[in-house]
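Data first, discussion second: the structure below is written as structure tokens.
Chains as they are written, first to last, in the working numbering: chain D, 423 to 781; chain C, 423 to 781.
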């Protein structure tokens, strides 16, 4: 019997994925050249689909790296000479900050404790900040930043680049890409694809900044520096042989999402999230780890085990072929992380809720 | 009707690939965690298979990047403070050199014209060379470096690291990894997998060098710097979410190759190559681009079109559902590039030869 995955990434595969893979093999997609017209059409269609799904302005490219982790590196390397400012409230926003440190930049940060969100009225964006690094959805703890807060901070950051990690909230997050300059996600979360592709949405402001740093003689990278990405994007090619099959599949799944309708996806995501948080409000030994409802993630719901630990719960669920994520890092044995992605359809969420009620 | 691909990458898929993909989906490989015991077992088995296939010594790791292009960058960044020496005889060995330039190192080089190999008695490896960069098989022009020459240069480079690009010659190339410190390939060539994984074979000498550079406070990378790769390799994990499905498939195809036997693979590759070069020796309007038999690649056979251009030949082959590579770069319309990988089985090579005889 197959497992039902509720893990926050790698996650449940998109319902149509197997069909698309089969078609990809019939079309011999793994053998086509990445310098062929066939590939350029796939890239172009994928870009146009994502443009529609994310409502992207015209001056915005979509380029492909191998993971969101790679994009942290490429983004900071390409666009920051010295100063980035990071809002840290979990393991992944912290890694984004540490990437800037490893690249020997001079990053600064605001930090709140795990499970807490930010009071943005306390955030000061100094004039020397070149890049403001925000994380919409902390996959580690299930804390989310309200989209209005992101937009407000972006408005206060007109001189700098506003960068947003939407790894585990795309495409649910209704981001205004007239305010946010760059965002990125990996496909093994809500897009339900095999891991191995990072999707980087990036506007002209970012590439212009990168060109300035290059002109100064600064080291901004090699084949995957932003100016190279952009140059190849303009002809719907990539600087090196990409994960062609994943781009093909991303296009197919994006078209499926457009058919579902992004508004419907958002409504369904919220309905399923409500059911999960309702369960946690009324549960004997589980509670929402994030207390402030405004900061509760709609796509990764994290439950804290009151007076106990998660191992036995995960084990019991596994016996019913339900695979839920354990906690992240220090919370490994204290939390359950439940993905509420598109592939985690309502019927499965209901089954999980039923199981957790009686567990 | 399906095409028969003879392109040098992306290339024909490995004969067993579709079966393995189907099994991967049945086993839900795209959903498993890269921090799970299931993944660690896949990585370990894949490493052990590659260790056997390449006859690797014990102090040698196999780690996964997204492409060979990424490995050029990570290798130079991690292991070179100033001086690398590059043997350039085509577009890809040149890009390896340019990667060092882009990383603001001080690379030097020997260069011969396209289609020519090196007389290694003319190569001087100065004592300050930290990394000697060799390309076993120039995918751009079909010129190959005799393995004995590689070993002899490696012996002359005891103080430095000897790095070898085996992108389009693995696993055919019978490299002595007691002499060569690091080598790398991408899986969309002779391994016949979808693009999106770079395989990096790397020994302790390299990681020790990298640790020294780090201690000096030099910037050697972030999540994919060599010391990180090594640390995670020791527990059969990866620094970030990798292309899990590709690693699963690489393991399966490696096991298939071990069943075929590496000696048989080498014999068959040479037999098929001989047939192709025999054709070119006796053809009206095609000839081998590489004249020196000792430097003729066994895995990428490049034909020059005498007094003409390749477009019409490629078109006629395409009408018979045979897809052959065009020339690379400046030779785009002058050459045919014919892959002689494992998936290009003898029956297909025979059919292609027959077609080219009567074309």
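Yeah, the Cβ is synthetic: ideal placement off N, Cα and C, and Gly gets one too. Computed from a prediction, not measured in an experiment: that's the story for all the values here.
Hey, is residue 588 of chain C close to the ligand PLP, as in C-beta under 8 Å from one of its heavy atoms? With respect to small molecules bound, the structure shown includes none, and the ligand PLP cannot be examined in it.
Nearest residue (CA-CA) to residue 432 of chain D, options D:590, D:531, D:552: Sequence index remark: in the first chain, residue 432 of chain D carries index 10 (1-based). It is D:590.
Report yes if the CB atom of residue 739 of chain C is closer than 9 Å to the CB atom of residue 777 of chain C, and no otherwise. Indexing the second chain from 1 puts residue 739 of chain C at position 317. Indexing the second chain from 1 puts residue 777 of chain C at position 355. Yes, Cβ-Cβ distance for residue 739 of chain C and residue 777 of chain C is below 9 Å.
Go ahead and label residue 530 of chain C buried or exposed: buried means 16 or more other beta carbons lie within 10 angstroms of its beta carbon, across all protein chains shown. Here residue 530 of chain C is taken as the residue at index 108 of the second chain, counted from 1. It counts as exposed.
Taking the beta strand (DSSP E) that residue 490 of chain C belongs to, which residues open and close that run? Position 68 of the second chain, counted from the start, is the residue given in the question as residue 490 of chain C. Residue 490 of chain C -> not in any beta strand (DSSP E); alpha helix (DSSP H) instead, spanning 490–501.
So, with DSSP's three-state summary, where would you put residue 467 of chain D? Walking along the first chain from the start, residue 467 of chain D turns up at place 45. Helix, per DSSP.
Let me see if you follow: with CB-CB separation under 9 Å, is residue 665 of chain C close to chain D or not? Within the second chain, numbered from 1, the residue matching residue 665 of chain C stands at position 243. Judged by the 9 Å Cβ criterion, residue 665 of chain C is in contact with chain D.
Indicate whether the contact test is met: 3 or more Cβ pairs, each with one atom in the stretch 535–545 of chain C and one in the stretch 566–581 of chain C, closer than 8 Å. yes
Give the list of continuous alpha helix (DSSP H) stretches no shorter than 4 residues that lie fully inside the stretch 591–652 of chain D. 626–637
Residue 655 of chain D and residue 721 of chain D - do their beta-carbons sit closer together than 9 Å? Here residue 721 of chain D corresponds to residue number 299 of the first chain, with the count starting at 1. Here residue 655 of chain D corresponds to residue number 233 of the first chain, with the count starting at 1. No, these two residues do not count as a Cβ contact at 9 Å.
Straight-line Cα distance separating residue 522 of chain D from residue 384 of chain C: Since the displayed chain C opens at 423 and closes at 781, residue 384 of chain C lies outside it and no answer follows.
Below 7 Å on C-beta distance, what does residue 558 of chain C contact in chain D? On the second chain, position 136 is the one that residue 558 of chain C refers to. Here the premise fails: no neighbours, minimum Cβ distance about 18 Å.
Locate the alpha helix (DSSP H) running through residue 679 of chain D, then write down its first and last residues. In the first chain, the residue the question calls residue 679 of chain D occupies position 257. Residue 679 of chain D -> alpha helix (DSSP H) spans 666–682.
Determine, using beta carbons only, whether residue 618 of chain C and residue 724 of chain C come nearer to each other than 9 Å. On the second chain, residue 618 of chain C is found 196 positions in, with the first residue counted as 1. On the second chain, residue 724 of chain C is found 302 positions in, with the first residue counted as 1. No, Cβ-Cβ distance for residue 618 of chain C and residue 724 of chain C is not below 9 Å.
Mind checking if residue 735 of chain D is an interface residue toward chain C, Cβ cutoff 9 Å exclusive? What you label residue 735 of chain D is simply residue 313 of the first chain in a count that begins at 1. Answer no: the Cβ-Cβ gap between residue 735 of chain D and chain C never drops below 9 Å.
Report the rounded CA-to-CA distance for residue 716 of chain C versus residue 513 of chain D, giving the unit in angstroms. By 1-based counting over the second chain, the position of residue 716 of chain C is 294. By 1-based counting over the first chain, the position of residue 513 of chain D is 91. Cα to Cα, the separation comes out at about 54 Å.
Could you tell me the alpha carbon to alpha carbon distance between residue 549 of chain D and residue 581 of chain D, rounded to whole angstroms? Within the first chain, the letter at position 127 stands for residue 549 of chain D. Within the first chain, the letter at position 159 stands for residue 581 of chain D. Using only the alpha carbons, I get a separation of about 7 Å.
DSSP state of residue 474 of chain D mapped onto helix, strand, coil: Reading the first chain from its first residue, position 52 is the one you call residue 474 of chain D. Three-state result, residue 474 of chain D: helix.
Locate the alpha helix (DSSP H) running through residue 656 of chain C, then write down its first and last residues. Locating residue 656 of chain C in the second chain gives position 234, counting from the first residue. Counting along the chain, residue 656 of chain C falls outside any alpha helix (DSSP H), and DSSP gives it neither H nor E.
Determine whether the beta carbon atoms of residue 384 of chain D and residue 643 of chain D lie at a separation below 9 Å. Since the first and last residues shown for chain D are 423 and 781, residue 384 of chain D lies out of range.
For chain D, check one thing: does any of its Cβ atoms lie closer than 9 Å to the Cβ of residue 815 of chain C? Chain C is shown only over 423 to 781; residue 815 of chain C falls outside these bounds and no answer can be derived.
Cβ-Cβ separation, residue 438 of chain D to residue 678 of chain D (assumed contact under 8 Å), whole Å: Residue numbering aside, residue 678 of chain D sits at position 256 when the first chain is read from its first letter. Residue numbering aside, residue 438 of chain D sits at position 16 when the first chain is read from its first letter. Right, their Cβ atoms sit about 5 Å apart.
With 7 Å as the limit, tell me which residues of the stretch 639–657 of chain D have their beta carbon closer than that to any beta carbon of chain C; keep them in chain order. 641, 644, 645
For the stretch 692–753 of chain C, list the alpha helix (DSSP H) runs that are entirely contained and at least 4 residues long, ordered along the chain. 733–741
Straight-line gap, residue 477 of chain D to residue 449 of chain D (C-alpha atoms, nearest Å): What you label residue 477 of chain D is simply residue 55 of the first chain in a count that begins at 1. What you label residue 449 of chain D is simply residue 27 of the first chain in a count that begins at 1. The straight-line gap from Cα to Cα measures roughly 30 Å.
For residue 587 of chain C, write down the residues that DSSP places opposite it in a beta bridge. What you label residue 587 of chain C is simply residue 165 of the second chain in a count that begins at 1. Its beta-bridge partners are C:557, C:606.
Could you please tell me which residues of the stretch 432–451 of chain D, in chain order, have their CB closer than 7 Å to any CB of chain A? No chain A appears in this structure, whose protein chains are D and C.
Using only the alpha-carbon positions, how far apart do residue 732 of chain D and residue 755 of chain D sit? Position 310 of the first chain holds residue 732 of chain D. Position 333 of the first chain holds residue 755 of chain D. Answer to the nearest angstrom: the Cα atoms are 5 Å apart.
In whole angstroms, what separates the C-alpha of residue 462 of chain C from that of residue 505 of chain D? Taking the second chain and counting its residues from 1, one reaches residue 462 of chain C at position 40. Taking the first chain and counting its residues from 1, one reaches residue 505 of chain D at position 83. Distance between the alpha carbons of residue 462 of chain C and residue 505 of chain D: 38 Å.
Any residues in the stretch 494–527 of chain C with a beta carbon nearer than 7 Å to a beta carbon of chain D? Which ones, in chain order? 495, 521, 524, 525, 526
Check the Cβ-Cβ distances between residue 427 of chain C and every residue of chain D, and say whether any is below 9 Å. Walking along the second chain from the start, residue 427 of chain C turns up at place 5. Yes, residue 427 of chain C lies at the interface with chain D (some Cβ there is under 9 Å from its Cβ).
Within 9 Å of any Cβ in chain C, is that where the Cβ of residue 568 of chain D sits? Walking along the first chain from the start, residue 568 of chain D turns up at place 146. Not one chain C Cβ lies under 9 Å of residue 568 of chain D.
Tell me, to the nearest whole angstrom, how far the beta carbon of residue 623 of chain D is from that of residue 599 of chain D; I am working on the premise that it is less than 8 Å. Numbered from 1 along the first chain, position 201 holds the residue referred to as residue 623 of chain D. Numbered from 1 along the first chain, position 177 holds the residue referred to as residue 599 of chain D. That belief holds up - the Cβ atoms of residue 623 of chain D and residue 599 of chain D are roughly 7 Å apart, short of 8 Å.
Chain D within 9 Å of residue 745 of chain C, Cβ atoms only: In the second chain, the residue the question calls residue 745 of chain C occupies position 323. Closer than 9 Å to some Cβ of chain D, the Cβ of residue 745 of chain C qualifies, so yes.
Min CB distance residue 564 of chain C to chain D below 9 Å: Taking the second chain and counting its residues from 1, the one referred to as residue 564 of chain C is at position 142. For residue 564 of chain C, the answer is no, since every Cβ of chain D falls outside 9 Å of its Cβ.
Against residue 590 of chain C, what residues of chain D qualify as contacts under a CB-to-CB distance less than 8 Å, listed in chain order? Within the second chain, numbered from 1, the residue matching residue 590 of chain C stands at position 168. Neighbours of residue 590 of chain C on chain D: none; closest Cβ ~12 Å, over 8 Å.
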